[in-house]
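In what follows, a structure is listed as C-alpha cells, so that the remarks can point back to it.
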Amino acid sequence: MTMELLSEAVRRRAGIHGSAPAVTSLRYVVRQGGRHAESTTLTYGELDERAAAVAAELAHVCSPRARVALLCPHDPSYVIAFLGCQYAGVVAVPLPAPDASRGRERLESVLADCRPEAVLTSSDAAPAVRRALERCTGTTPTLIETDSCRPSTAWRPPDIDPDGLAYLQYTSGSTRSPAGVRITRRGLAAGSAQLRAHFPEAATLASWVPFSHDMGLVFGIAHPLSVGAHTIHLSPMAFIQDPLRWLEAITRYRADWSVTPPFGLTQCVRAARRADRSRTLEPRSLDLRSLRSLNIAGEAVHAEDLEAFTAAFAAAGLAPEVLAPSYGLAEATLAVTAPPLGEGMTATRFERAALAAGEVVVADETRPAQRLVGCGRPKTGMSIRIADPGGDELPPGRVGEILLRGPNVADGYWRAAERTAAAFGAGDGWLRTGDLGFQHDNHLYIVGRASEVIIIRGRNHHPSDIEATIEQAHERTVAAAFSVDLDGAERLVILVECDHVRPGAGHADRQDFVQELRRSVTSRHGVTVHRLLLVRPGSLPRTSSGKIQRGRCRERYLASAYA
Numbered sequence: 007m008t009m010e011l012l013s014e015a016v017r018r019r020a021g022i023h024g025s026a027p028a029v030t031s032l033r034y035v036v037r038q039g040g041r042h043a044e045s046t047t048l049t050y051g052e053l054d055e056r057a058a059a060v061a062a063e064l065a066h067v068c069s070p071r072a073r074v075a076l077l078c079p080h081d082p083s084y085v086i087a088f089l090g091c092q093y094a095g096v097v098a099v100p101l102p103a104p105d106a107s108r109g110r111e112r113l114e115s116v117l118a119d120c121r122p123e124a125v126l127t128s129s130d131a132a133p134a135v136r137r138a139l140e141r142c143t144g145t146t147p148t149l150i151e152t153d154s155c156r157p158s159t160a161w162r163p164p165d166i167d168p169d170g171l172a173y174l175q176y177t178s179g180s181t182r183s184p185a186g187v188r189i190t191r192r193g194l195a196a197g198s199a200q201l202r203a204h205f206p207e208a209a210t211l212a213s214w215v216p217f218s219h220d221m222g223l224v225f226g227i228a229h230p231l232s233v234g235a236h237t238i239h240l241s242p243m244a245f246i247q248d249p250l251r252w253l254e255a256i257t258r259y260r261a262d263w264s265v266t267p268p269f270g271l272t273q274c275v276r277a278a279r280r281a282d283r284s285r286t287l288e289p290r291s292l293d294l295r296s297l298r299s300l301n302i303a304g305e306a307v308h309a310e311d312l313e314a315f316t317a318a319f320a321a322a323g324l325a326p327e328v329l330a331p332s333y334g335l336a337e338a339t340l341a342v343t344a345p346p347l348g349e350g351m352t353a354t355r356f357e358r359a360a361l362a363a364g365e366v367v368v369a370d371e372t373r374p375a376q377r378l379v380g381c382g383r384p385k386t387g388m389s390i391r392i393a394d395p396g397g398d399e400l401p402p403g404r405v406g407e408i409l410l411r412g413p414n415v416a417d418g419y420w421r422a423a424e425r426t427a428a429a430f431g432a433g434d435g436w437l438r439t440g441d442l443g444f445q446h447d448n449h450l451y452i453v454g455r456a457s458e459v460i461i462i463r464g465r466n467h468h469p470s471d472i473e474a475t476i477e478q479a480h481e482r483t484v485a486a487a488f489s490v491d492l493d494g495a496e497r498l499v500i501l502v503e504c505d506h507v508r509p510g511a512g513h514a515d516r517q518d519f520v521q522e523l524r525r526s527v528t529s530r531h532g533v534t535v536h537r538l539l540l541v542r543p544g545s546l547p548r549t550s551s552g553k554i555q556r557g558r559c560r561e562r563y564l565a566s567a568y569a
C-alpha cells in the first residue's frame, strides 16, 4: 500500500497540474426571486500558495508541534487552514465555527483540553470567533485570518515527521465528554491509501458533512487532496435548508463519489416527498447516473432507509448498487469496512432472540427476526476480531465487541491516559471500539454500542433496533431509546420527535398514538416500555452529523427537561 503525506501530495500535484481544480465551494444566495448557487473554486496551485502563506504565519507565532484550533466557516478557508497546518508541521484541531445555535460547553471543553497556541479563521468570521474565545477562555489566543496571510519568500517547508501528529479529532461526545483522537500523519496517509484502493478511479467527490467531523474532514479534505481529485462542498446548513442541493451538486458536477450518514438519506427522501406534494416548488432536475459509490456510515444503517432512498431517486438514474453501507470511526482515521465497489446493499434477517443472547442465527420466515445491513469487508491492511468482554476472540457465530488493528488506527487520546489504556490497551495493537457486532458471510454486521445496551430481565436490547421499530412504523418520527434505573432495575424509556402529532393535538389522539407506538415495541421486542414521550421536533440533542446523542437524551430526561 503506497502512502504519501498529505502536504507532499498537494505540493507535488501543484507542481505538475497547478491549474487543475482542487476545491469548489457552493454558496446559496437570493437573486431574482429565488435561491441560486454561487461557486468559488481554488486550483491546486492556488491552494498550495495560500496554504504555504498560512504555514509561514504559523511559523512566526507557534512553537514546533503546537496545537492550532480551526474555527473557520464551512468554505475554502477551512481547507486552507487545515492544509496550512500540515505544511507547517503543527497539530490541527478541527472545530466548528461558533454560531448562536450551538452551545459553548463543547468548545470550552476542547479548548481547555488541547490548549491551542493559535486559532485559524477567516476575516468574515473573526469577530464572532474572538467573542467566543473570550467567553470560553477569558483570553484570546493568537488569531490568524487565513485570507489575510501573504506568501513569504523566506519560508521553507520544514522537515515533517511522518509519525508526528497531524491533528486531534475530537469525538462527538455522544456518550461522554469529548476526547481528542491522536491522528498521526502516517495514519492519515494510510487512511487515504485505503480509500484510494477502494475506488482508485474517483475523480470528483461531493460532500455536505461538516469539516469538523471525521467523515467530512477525511472524505471532504484530506483524501481527495491526497489523490488529486476535485471536491464539491456545500455547507451543512445549506444541506439542512434544502437537502436536494446535495444531489443537485452531484448532478451539476458529475460527481462519482459521495458519503453521508443515514440521516442524509432520510432528509433527502422527505424533501423529495414534500416537493411531490407541493405545487409551489420548482421541479428538480436531477441526474445521478455519474454516481458510482455512495458510502453510508456514522450511525446505524437500516435497510428500509436505503430502499426508500433508492426508490425516491430511481427516476434520476440512481443505481441500487451505488449504495455502500460502511463502518468507520475517528480512531481508525475513518474507514474500516465497506462492500466492494458496485456490490450494493446486503441485508440479512437474524433471529431476534438469538441476537439478544449473543448468538448469530439466520432466521427463516417463521421466526421473529431483526433485519441487519452488512457493512462490507475490512479495508486494505485492516484486521477485525470479535471479542468477549475480556478481549479474547470469540468463535464464529457469536456477537461481541469489535476490535481493530491496522496502519490507520490512532495511537491514543490526547492527555487521557486512562481512556487510552481502556481503548488501545488490548495488546498487539488492537483497538477496542466499544461497538458490538459479528462477521457473517464476508460482511461485518453492527449491532450497537456496548455502553448503550439495555438489559431488561436478562435480555439484551439494542437502542438502534428499538428506534428503528418506531421510525419504520411512522416515517415522520425520530426516536431515542435508553434505560433508567428504577428501584434497582433497568426500565426502557423512549423519546419520540413527531411532526404530525403536535403538542396542540387532542389528548385522546395523542394517547392513542403513544399506545400504538408502545404496542409496536412490545410486540416486536418483547419488552415493556416504562415511558414513551412525544417531544417537540428538533428537541433531541444531536451530533454535528445528525446522530442522536442518547446519553444526553437520558440526562435531559432525568432532569425533567421533557416533562
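Using the numbering used here, the letters of the sequence shown correspond one by one to residues 7 to 569.
Quick reminder that beta carbons are idealized off the backbone N, C-alpha and C, glycines included.
Quick caveat: nothing in here was measured; it's all calculated off a predicted structure.
- Flag this pair as yes or no: are the beta carbons of T316 and H449 separated by less than 9 Å? no
- Task: Give the secondary structure of G193 by DSSP, where H, G and I count as helix, E and B as strand, and everything else as coil.
- Result: helix
- Are there 16 or more other CB atoms within 10 angstroms of the CB of D541, so buried, or fewer, so exposed? It should be pointed out that residue 541 corresponds to Val in this sequence rather than to Asp. That one is buried.
- Query: Roughly how many whole angstroms lie between the Cα atoms of I472 and V527?
  - Reply: 7 Å
- Message: Quick check on DSSP: helix, strand or coil for I461?
- Response: strand
- Query: Looking at C-alpha atoms only, which residue of D441, H467 and S218 is the closest neighbour of R455?
  - Reply: D441
- Looking at C-beta atoms only, is the number of pairs between the segment 197 to 210 and the segment 341 to 360 that lie closer than 8 Å three or more? yes
- Message: Does the structure place the segment 266 to 284 close enough to the segment 64 to 77 that three or more beta carbon pairs sit under 8 Å?
- Response: no
- Query: Identify the residues that DSSP records as bridge partners of G406: which are they?
  - Reply: G443
- Message: Rounded to whole angstroms, what is the Cα-Cα separation between R298 and V328?
- Response: 5 Å
- Sort S529, A321, A138 and V35 by Cα distance to A75 and report the nearest one. A138
- Give the straight-line distance between the Cα atoms of A185 and L117, rounded to the nearest whole angstrom. 11 Å
- Mind checking whether S183 and P79 have CB atoms under 9 Å apart? no
- Query: Excluding sequence positions up to five away, which residues of its chain have a Cβ less than 8 Å from the Cβ of W243?
  - Reply: Correcting the residue type first, residue 243 is Met in the shown sequence and not Trp. Within the same chain, M243 has close Cβ partners H80.
- Message: If I measure Cβ to Cβ from L347 and keep anything under 8 Å in the same chain, skipping five residues before and after, which residues do I get?
- Response: H204, F205, R298, S299 and A330
- Item | CB-CB length for L32 against L89, believed under 8 Å | That belief does not hold up - the Cβ atoms of L32 and L89 are roughly 20 Å apart, past 8 Å.
- Query: What separation, rounded to the nearest whole angstrom, lies between the Cα atoms of A28 and F519?
  - Reply: 51 Å
- Item | Coil, strand or helix - W161 by DSSP | coil
- Message: Under DSSP, the alpha helix (DSSP H) around F269 begins and ends at which residues?
- Response: P268 to R283
- Query: With a CB to CB cut of under 7 Å and the five nearest residues on each side skipped, what residues in its chain are close to E288?
  - Reply: With a pLDDT of only 45 at E288, under 50, the local geometry of the prediction cannot be trusted, and no value is derived from it.
- Give the straight-line distance between the Cα atoms of A59 and S264, rounded to the nearest whole angstrom. 30 Å
- Message: Contact between the segment 489 to 497 and the segment 425 to 438 is defined here as three or more beta-carbon pairs at a separation below 8 Å; is this criterion met?
- Response: no
- Of the residues I408, S291, A306 and T439, which one's Cα is nearest the Cα of A321? S291
- Beta-carbon separation of A235 and L11 under 9 Å? no
- Task: May I have the straight-line CA-CA distance separating R404 from S332, to the nearest angstrom?
- Result: 21 Å
- Task: From the DSSP output, in three-state form, read off T148 for me.
- Result: strand
- Task: Given a cut-off of 9 Å, decide if I238 and I256 are closer than it, judged by their beta-carbon atoms.
- Result: yes
- Message: Could you compute how far the alpha carbon of L324 sits from the alpha carbon of L149?
- Response: 45 Å
- Message: Between the alpha carbons of A303 and I460, how many angstroms are there, rounded?
- Response: 23 Å
- For T181, the three-state DSSP class (helix, strand or coil): With a pLDDT of 46 at T181, under the threshold of 50, the modelled position of that residue is not reliable, and the figure given next carries that caveat. Three-state DSSP puts T181 in coil, outside helix and strand.
- Counting only the same chain and skipping the five closest in sequence on each side, list residues whose C-beta sits under 6 Å from that of A479. S526
- Message: Suppose contacts are defined by Cβ-Cβ distances below 9 Å. Is L211 in contact with R188 by that definition?
- Response: no
- Message: Helix, strand or coil for F488? Go by DSSP, reduced to three states.
- Response: strand
- Beta-carbon separation of E458 and T483 under 9 Å? no
- Query: Could you give the distance in angstroms between the alpha-carbon of P147 and the alpha-carbon of S218?
  - Reply: 20 Å
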